[in-house]
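These protein sequences, in sequence, are chains A and B.
Under our numbering, the residue at position 135 of the first sequence is numbered 144, and the numbers go up by one with no gaps.
Under our numbering, the residue at position 10 of the second sequence is numbered 544, and the numbers go up by one with no gaps.
For glycine and all other residues, C-beta sits at the position ideal for the given N, C-alpha and C.
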Amino acid sequence: MSFLKELRLEDKFGPFLAFQVAVGFIPNLLRAQSLLPRVIEAQAMLEGAARLREGSIPRVQRERILLSIAADRKDTYCISMDSKVLSSLGAADGQIDDFLNDYRRADLSAGDLASLQFCLKLARHAPSVSSEDIEALRACGFEDEAILEAVVVTALAVYRCTLSVGLGPGPDFGPRKLTSTRIDPPREGVRHSLLPDIHEAARRKGPYVPAPYLSPKTFAPFGVVQKSHGFIPNFFRAQTLRPDLLEAELEAVGRILLPEDVLTRVQKECILLVVSAANLNSYCVAVHCNMLRGLGMPSEDGDQIAVNHHESNLTESEKALLDFAVKLGTRGSEFSCDDVVKLQTLNFTDEQILECVVVTALNNFANTVQMGLGIEPDFAPPPVFEENKVHLSGAALTPTQSEGAVCLVHTLQDADAELVAQAQAGKLEAFEELVRRHTQLIYRTLMAILGNPIDAQDAMQDTLLSAFKHVSGFQGRSKFSTWLVSIARNTALQRLRSRKNIESLDEGECNEEGDLRPRQVRAWQDNPEQSHSKSEIRQLVETGILALPAKFRVVVMLRDIEQLSTDEVARQLGLSVPAVKTRLLRGRLMLREWLSPHFTASTKGAVQ
Amino acid sequence: MITCEEFFAEFADYLENQVSPEVRQELELHLSQCRACHVLYDSSRKTVKIVTESSSFELPRSVSDPIIDRVMAKLRTDRG
């Protein structure tokens, strides 16, 4: 019936039963996902928490929101399904027609009208939502919990519409037609140019609703995320006002993203990355670039996929999968069964296509929640993505995305760009100037890895020669300084290997888990640095840093000595930001133990 | 009040000044009542300050210049 194969699942399958009880039928949208029962469970959890359970917004109003968004997207499947549910809740046919044609004719209270308009705006063009929209809701008497709920219900509507477009389920009931006289309600706040909206939205920063502290110890799902991600993303922290919604989302994410039985984690993260990029969602782009780095993909490759996956080194069939996801996720009205057939002819299985559709839907859910709540980023998005956003917004709006191809070559703003171009043309003076600019960075990288000054100075010479030899191949996919650091790293690692002093920069992740909490609890002096001379302190710090295991040493060196940002360090070392943070803390605490005897209060003045 | 373990779970971000106002409030309440965590926080903050201000591993020009000069000379000769 739908685009993909279906298996016969028994009516007593948990999610089916739950729908039968709650709405009186089993939607074909669920049956269309029968190849992967876990994704049906995921949807049932989201629907259970955001739609079917009692909440801050009355059930009937949540159904109106779902129906109005489906109508706004002209999603005939969802329209017929949601009309039926709304009518079973007692809505008259005439009123349902009003929602389908022009909600302003439905006799709504001021509050219901305000929340409906807010949800429609968020579903239509999430980047245009700003703190002002939230204030408008508050002015109508909406509490924080209700605002959060409105955002999640909208995200659910977007999720379901994405699924219905991608899966093409047969109607559950006779179709309900939109009348031809349908008047499109005004598109509040939607402008022709996308970028000014984004800046406007950034005017008052989020998150828009308070997020009380929730402990990973008492709220088990946070404990699970902490373990699987190494940190708790702001995306989840921003929703702590409603642990019930949060728990359902985390369960759904676990069922959709974590298993690797169909698509791999990397493939799924790539889908999330490209669709978020096409939705101009910097927050989600940053998260997924980091996830990809954590899964072992070099940062430049992730950045390239975010900006334009056609120019990346993915295989042609992987690119086709991403094209499919972008079209489904951002240009649903152009999507058809042909897009599914195209993937089938490229030998994608129906299970893989189904999972791609579900991941795309989940992405749109997340993009909507993030923008609706103004969730602050955990990480900086790749600089190339921010700079290319203007091209991307054009690409996202036109069907001929590939024609507007954006390649990273020479698009990255880098203070070194001009000198690099000259050096590449063979101008030695330009190369010399570049090298002088970055001497300290190179030296500190070498010191961090090699751990002694004589070796580092030798390696410096090799690094510079190697940089010159390869400079013509530098494509501007990263900053020049990042590229120099990678040359220095390779040079140093080669030296380590030849010295047979193999001190791994990456091994032994497990011991990062151990109890980091220090035992040393004597208080330090008020102004510890005043009790020693500058050169004594420098000596102490240098000795302490050189005594650190290499993987901590490199991170401390770049973050605290060279004072790069955490994001830059992650980028330079090809690590995820959470991994850098863990190593940094570990290194800092080891240094603290080392410095403690010199700076505790009782030793004040001991060294003069 | 949160436990020391919960405090420590947020510690890295707190040290980097990257926690939300609500989390900060919980952490500071804990700090005001737990001497061990207060010492840990205070000394870690001072450690970071000392390390970042130490100018460690600065290669003096007197060392770096000759290295660069040597490399440039070699590149110029190689070019002929």
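For residue 106 of chain A and residue 579 of chain A, the gap between their C-alpha atoms comes out near 54 Å. In summary, the residues of the segment 564–580 of chain B whose CB is separated from some CB of chain A by less than 7 Å are 570, 573, 574, 576, 577, 578, 580, in the order they occur in the chain. If you draw a straight line from the Cα of residue 508 of chain A to the Cα of residue 457 of chain A, it is about 16 Å long. The residue among A:493, A:384, A:461, A:256 with its C-alpha nearest the C-alpha of residue 474 of chain A is A:493. For residue 606 of chain B, the C-beta contacts it makes with chain A under 7 Å involve 437, 441, in order along the chain.
Against chain A, a Cβ distance below 7 Å from residue 586 of chain B picks out 569, 572. Cβ neighbours of residue 379 of chain A within its own chain (closer than 7 Å, five residues either side excluded): 244, 290, 292, 293. Within the model, the alpha-carbon separation for residue 428 of chain A versus residue 435 of chain A is close to 11 Å.
In the DSSP assignment, residue 533 of chain A forms a beta bridge with A:609. In this structure, residue 226 of chain A lies near residue 540 of chain B, with their beta-carbon atoms less than 7 Å apart. One Cα belongs to residue 349 of chain A, the other to residue 459 of chain A, and the distance between them is close to 53 Å. Residues 278 of the same chain have their beta carbon placed closer than 6 Å to that of residue 300 of chain A, with the five preceding and five following residues left out of the count. Taken through DSSP and simplified to helix, strand or coil, residue 170 of chain A comes out as helix.
Here residue 461 of chain A is exposed, its C-beta having fewer than 16 other C-beta atoms within 10 Å. For the segment 544–558 of chain B, the residues whose beta carbon sits under 8 Å from a beta carbon of chain A are, in order, 545, 546, 547, 549, 550, 554, 556, 557. Runs of the beta strand (DSSP E) spanning 3 or more residues and lying entirely within the segment 120–187 of chain A do not occur at all. Our two residues, residue 472 of chain A and residue 41 of chain A, have alpha carbons roughly 57 Å apart in a direct line. Non-local C-beta neighbours of residue 58 of chain A in its own chain, meaning closer than 7 Å and more than five positions away in sequence, comprise 253, 254, 257, ordered along the chain. In this structure, the straight-line span from the alpha carbon of residue 24 of chain A to that of residue 30 of chain A is close to 10 Å. Between residue 439 of chain A and residue 610 of chain B, the alpha-carbon positions lie close to 13 Å from each other.
For residue 312 of chain A, the uninterrupted alpha helix (DSSP H) segment begins and ends at 308–317.
Straight through space, the alpha carbons of residue 223 of chain A and residue 271 of chain A are spaced by roughly 33 Å. A Cβ of chain B is located within less than 7 Å of the beta carbon of residue 448 of chain A. The beta carbon of residue 94 of chain A sits closer than 7 Å to the beta carbons of 32, 72 from its chain, once the five residues preceding and following it are set aside; these are given in chain order. Pairing residue 382 of chain A with residue 149 of chain A, the inter-Cα distance amounts to about 18 Å.
With 16 or more other Cβ atoms inside 10 Å of its own Cβ, residue 362 of chain A counts as buried.
Taking 7 Å as the Cβ-Cβ cut-off, the segment 454–468 of chain A approaches chain B at 456, 466, given in chain order. In this structure, DSSP gives residue 42 of chain A a state outside helix and strand, which the three-state scheme calls coil. Under the 10 Å beta carbon count, residue 488 of chain A is surrounded by 16 or more other beta carbons and is classified as buried. For residue 231 of chain A, the enclosing alpha helix (DSSP H) begins and ends at 229–238. With respect to the 7 Å criterion, residue 315 of chain A and residue 287 of chain A are not classified as neighbours on the basis of their beta carbons.
In this model, residue 470 of chain A and residue 46 of chain A are separated by some 59 Å (Cα to Cα). With respect to residue 480 of chain A, residue 432 of chain A sits close: the two C-beta atoms are nearer than 7 Å. In terms of Cβ geometry, residue 129 of chain A and residue 84 of chain A do not form a close pair [threshold 7 Å]. With a threshold of 7 Å between beta carbons, residue 587 of chain A makes no contact with chain B. The residues 174, 336, 337, in chain order, have a CB closer than 6 Å to that of residue 344 of chain A in the same chain once the five nearest residues on each side in sequence are set aside.
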